[in-house]
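Reviewing the structure listed below.
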Amino acid sequence: MKHIKRQLGLIFCIYFFLLLFFILIWLDGYHNLTILLYGFLLSTVFMGLFISLGWYRRRILNQLFDQKRSFKEFHQLKQDQSRLSHDVYRLMDAQYRYFYDKLKKVQLEREEQQHFIYRWVHQMKTPLSVIELMLQDEDYDIDSFREETDKLHKGLNLALSMSRLEAFQNDFHIETISLNSLIKSVINDQKEYLIRQAIFPKVEIDENLMIQTDKKWLAFAIDQLLINSVKYTTEAETRLDIFTVETSTTYELTIKDYGVGIASQDIKRVFDPFFTGKMGRTQHEATGMGLYLVKKVITQLDYSIQIKSEINQGTVVSIAIPKH
27 MKHIKRQLGL IFCIYFFLLL FFILIWLDGY HNLTILLYGF LLSTVFMGLF ISLGWYRRRI
87 LNQLFDQKRS FKEFHQLKQD QSRLSHDVYR LMDAQYRYFY DKLKKVQLER EEQQHFIYRW
147 VHQMKTPLSV IELMLQDEDY DIDSFREETD KLHKGLNLAL SMSRLEAFQN DFHIETISLN
207 SLIKSVINDQ KEYLIRQAIF PKVEIDENLM IQTDKKWLAF AIDQLLINSV KYTTEAETRL
267 DIFTVETSTT YELTIKDYGV GIASQDIKRV FDPFFTGKMG RTQHEATGMG LYLVKKVITQ
327 LDYSIQIKSE INQGTVVSIA IPKH
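Written out as structure tokens, the structure is:
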């Protein structure tokens with residue numbers, strides 16, 4: 027009934043022009059009333075079929091939209107050859123694929139987060155246990171105590187940064203900074219760790235080199251790379267080089283260590299979540315999330331990162347920062 031009411035205007039126009047047509051024929055001298063009535067009834071039948079077909083199509087759409095049904099039922103629209111049904115099906119299919127991909131992405135991120143929290147909590151138990159044992163001994167070594175608290179601090183910072191990455195756009199602020207000053211600030215924050223590991227970074231970056239970036243997030247990425255470089259440097263090695271290479275379009279910030287290196291089969295996977303590789307498995311503190319988060323930050327900053335490495339020769343990490 028509602029469908030007929032929607033079509034009243036169309037029905038009125040059709041009958042009006044049909045009546046006008048018959049009047050003109052009658053005035054022209056054609057007075058066969060039977061044929062005229064037959065034409066009128068035939069027109070009415072075709073119009074009824076047209077309206078019924080429209081009602082049926084609209085009924086299918088209304089049933090699909092008004093009820094909570096699975097997406098599979100929208101495939102009924104494929105059987106209807108009308109332009110409207112085809113367009114609606116294409117729209118629904120596109121919407122379904124879009125939200126399905128979004129849902130899969132959210133589910134994957136949640137699984138990664140849960141996996142990370144599980145591993146992080148497990149690893150944080152180790153320094154806590156060591157600290158508890160130290161406190162039982164009145165003559166505990168203060169340097170060892172600081173080393174364990176430093177592990178806790180690094181773990182907390184990593185977990186906090188992972189949480190903030192989910193709302194990166196809300197925690198993003200571009201400013202012009204000195205790259206040299208930023209590097210020295212990161213090194214200063216890791217001063218005690220570097221001293222304990224007997225690593226003495228050599229910084230060769232022009233003090234006048236200014237870049238536009240998010241200071242906090244770039245510092246986080248550099249900090250993680252610095253920690254990784256020191257973590258996998260042998261006890262006999264003290265060198266760590268930090269410098270820039272200028273190209274026509276970028277400044278390449280490079281961190282070069284002389285540590286154990288990364289196996290060739292592991293290079294392509296170092297940015298995968300929870301991947302620790304052959305060398306990482308020898309480090310009980312390795313979460314496999316440091317470089318993964320670095321990659322995410324670098325991507326969000328619209329930079330690029332590259333890693334080259336040789337076993338027992340060291341690793342070179344380069345971040346390409348666009349010129350502005």
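The numbering used here numbers the first residue of the sequence shown as 27 and each following residue consecutively.
We put the beta carbon where it would ideally sit given N, CA and C, even for glycine.
Note that the coordinates shown come from a computational prediction; the quantities given were computed from them, not determined experimentally.
- Looking at 65, 202, 303, 37, the one whose alpha-carbon comes closest to that of residue 78 is 37.
- Contact between the region 176 to 191 and the region 199 to 210 is absent, with fewer than three C-beta pairs closer than 8 Å.
- The C-alpha of residue 188 is placed about 14 Å away from the C-alpha of residue 249.
- Going by DSSP, residue 180 is part of the alpha helix (DSSP H) stretching over 168 to 191.
- Annotation for residue 346: no alpha helix (DSSP H) segment contains it, though the beta strand (DSSP E) segment containing it runs 340 to 348.
- Here residue 117 is exposed. Its C-beta has fewer than 16 other C-beta atoms within 10 Å.
- For residue 202, the uninterrupted beta strand (DSSP E) run begins and ends at 201 to 204, by DSSP.
- The alpha-carbon separation between residue 163 and residue 171 amounts to approximately 12 Å.
- 8 Å or more divides the Cβ of residue 298 from the Cβ of residue 282.
- Taking the Cα positions, residue 48 is about 7 Å away from residue 62.
- The residue among 324, 169, 135 with its C-alpha nearest the C-alpha of residue 218 is 169.
- Under a 10 Å Cβ-count criterion, residue 55 is classified as exposed, with fewer than 16 other Cβ atoms of the shown protein chains found around its own Cβ.
- Distance between residue 124 and residue 238, taken at the CA atoms: about 34 Å.
- For residue 113, the secondary structure class from DSSP, reduced to helix, strand or coil, is helix.
- Taking a C-beta distance under 8 Å as the contact criterion, residue 212 and residue 245 qualify as a contact pair.
- Nearest C-alpha to residue 348 among 327, 160, 333: 327.
- Beta-bridge annotation (DSSP): residue 153 is not paired with any residue.
- Residue 222: member of the alpha helix (DSSP H) spanning 217 to 222, first to last residue.
- Taking residue 296 as the centre and dropping the five residues before and after it, the same chain places the C-beta of 288, 303, 317, 333 closer than 8 Å to its C-beta, in chain order.
- Rounded to the nearest whole angstrom, the CA to CA distance from residue 143 to residue 300 is 11 Å.
- Within the DSSP secondary-structure output, residue 277 pairs in a beta bridge with 272, 347.
- With a threshold of 16 other beta carbon atoms within 10 Å, residue 258 meets it and is buried.
- Taking 8 Å as the upper bound for CB-CB distance, residue 321 and residue 331 are in contact here, some 6 Å apart.
- Annotation: residue 241 to residue 166 spans about 38 Å, alpha carbon to alpha carbon.
- Between residue 205 and residue 279, the CB-CB gap stays under 8 Å.
- Boundaries of the alpha helix (DSSP H) around residue 325: 316 to 326.
- Residue 131 sits exposed, since fewer than 16 C-beta atoms from the chains shown fall within 10 Å of its C-beta.
- In this structure residue 255 touches residue 341 by the C-beta definition: roughly 7 Å separates them, less than 8 Å.
- According to the DSSP assignment, residue 253 belongs to the alpha helix (DSSP H) that extends over 241 to 257.
- A distance below 8 Å separates the beta carbons of residue 284 and residue 263.
- In this structure, residue 44 lies near residue 66, with their beta-carbon atoms less than 8 Å apart.
- Residue 296 carries a coil assignment under DSSP once its states are collapsed to helix, strand and coil.
- The beta-bridge partner set that DSSP reports for residue 266 consists of 227, 283.
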